[in-house]
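Everything on this sheet refers to the single structure shown next.
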Amino acid sequence: MVTACHNCKIVMAPSSGIFCVDRCENMRISAIAGLMRVSNCLDSVISTYTPVPLIMSGENVGVQLGPYNSKYPGLKEQFAKAQIAYNAEFVGCWDSFLNLEDESDQTEREKAPISMQAPATFREICVPVKIKGQGPAERPFPLPPAFVETLRAQQETVETLRRLVTSDEFDLSTKRNMEIVIQMRFKEWLSTTGNVRQILDLVNIEKARNSTSAASTPLGDRTPSS
Numbered sequence: 001m002v003t004a005c006h007n008c009k010i011v012m013a014p015s016s017g018i019f020c021v022d023r024c025e026n027m028r029i030s031a032i033a034g035l036m037r038v039s040n041c042l043d044s045v046i047s048t049y050t051p052v053p054l055i056m057s058g059e060n061v062g063v064q065l066g067p068y069n070s071k072y073p074g075l076k077e078q079f080a081k082a083q084i085a086y087n088a089e090f091v092g093c094w095d096s097f098l099n100l101e102d103e104s105d106q107t108e109r110e111k112a113p114i115s116m117q118a119p120a121t122f123r124e125i126c127v128p129v130k131i132k133g134q135g136p137a138e139r140p141f142p143l144p145p146a147f148v149e150t151l152r153a154q155q156e157t158v159e160t161l162r163r164l165v166t167s168d169e170f171d172l173s174t175k176r177n178m179e180i181v182i183q184m185r186f187k188e189w190l191s192t193t194g195n196v197r198q199i200l201d202l203v204n205i206e207k208a209r210n211s212t213s214a215a216s217t218p219l220g221d222r223t224p225s226s
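Okay, so the sequence shown: first residue is 1 according to UniProt numbering, each after it adds one.
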């Protein structure tokens, strides 16, 4: 169970039991479970693989349901140990749910209580943990075709930028300017998507990197201060 959490991302290991999300706000939850129940949540995205429809109860507002959006080494092994009944060709019931709340009480709300995630907003979550001997990072089940196409387009964009920055077509100064622009755009995207904490993490990483570079510079190469 995840209860009373806000403003963070959670990736859960597979479980054949009931996974409950209760009284959460501005959350991004990725979970594989035998059954999902979401209650009294606000402005959250639930990315899930479950073999049966989700159960929605209480006062949910601005909750988006999407397909499971993570993969990491060892996921297939964890999925097998969880013994969740599934079809290897089945994308799951992420877009099916049973709403126990009276829908007549929800018609006057500004935000839709429950909606489906658009493929264009789908983003894969990287789990930054290296596990030796666990094989490649793979899903044991497929994504819906529209979401597969979104990931393919995103990967092509990244590869195009990477080739552009590393090509011999531009000099070092131009490449550096391109990197700065890409970093600025990335930070803008983080800000508009509610990931301000990640921006602070990047700033701290840049400060640490600059401090390390300054410390490793020979004294004779440093410009004296006036």
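Ideal Cβ placement from N, Cα and C applies to all residues, glycine included.
Whether residue 89 touches residue 142 by CB criterion (8 Å): yes
Sub-8 Å separation of residue 77 and residue 134 beta-carbons: yes
Three or more C-beta pairs below 8 Å linking the segment 4–23 and the segment 32–41: yes
Element boundaries [beta strand (DSSP E), containing residue 116]: 114–116
First and last residue of the uninterrupted beta strand (DSSP E) at residue 28: 25–39
Length-filtered (3 minimum) beta strand (DSSP E) runs lying within the segment 63–95: 63–67
Residue-level contact to chain D via CB, residue 56, 8 Å cutoff: As a matter of chain content, chain D is missing from the structure shown, which is built from one protein chain.
Residue environment, residue 158, which counts as buried when at least 16 other CB atoms sit within 10 Å: Counting Cβ neighbours within 10 Å, residue 158 comes out exposed, since fewer than 16 surround it.
Contacts around residue 91, its chain only, beta-carbon distance under 6 Å, and the 5 residues preceding and following it disregarded: 142 and 144
Beta-carbon contacts of residue 2 that lie in its chain and below 7 Å, excluding the five residues immediately before and after: 10, 21, 24 and 29
Beta-carbon spacing of residue 199, residue 187 below 8 Å: Contact annotation: residue 199 and residue 187 have beta-carbon atoms nearer than 8 Å.
Reduced DSSP secondary structure (H/G/I, E/B, other) of residue 201: Residue state, collapsed to three classes: helix.
Residue from 63, 31 and 52 with nearest C-alpha to residue 44: Among 63, 31 and 52, the Cα nearest to that of residue 44 belongs to 63.
Three-way DSSP call (helix, strand, coil) for residue 250 in this model: Residue 250 cannot be examined here, being either before or after the span of the chain that is shown, 1 to 226.
Endpoints, beta strand (DSSP E) assigned at residue 45: Residue range 45–49 is occupied by the beta strand (DSSP E) that includes residue 45.
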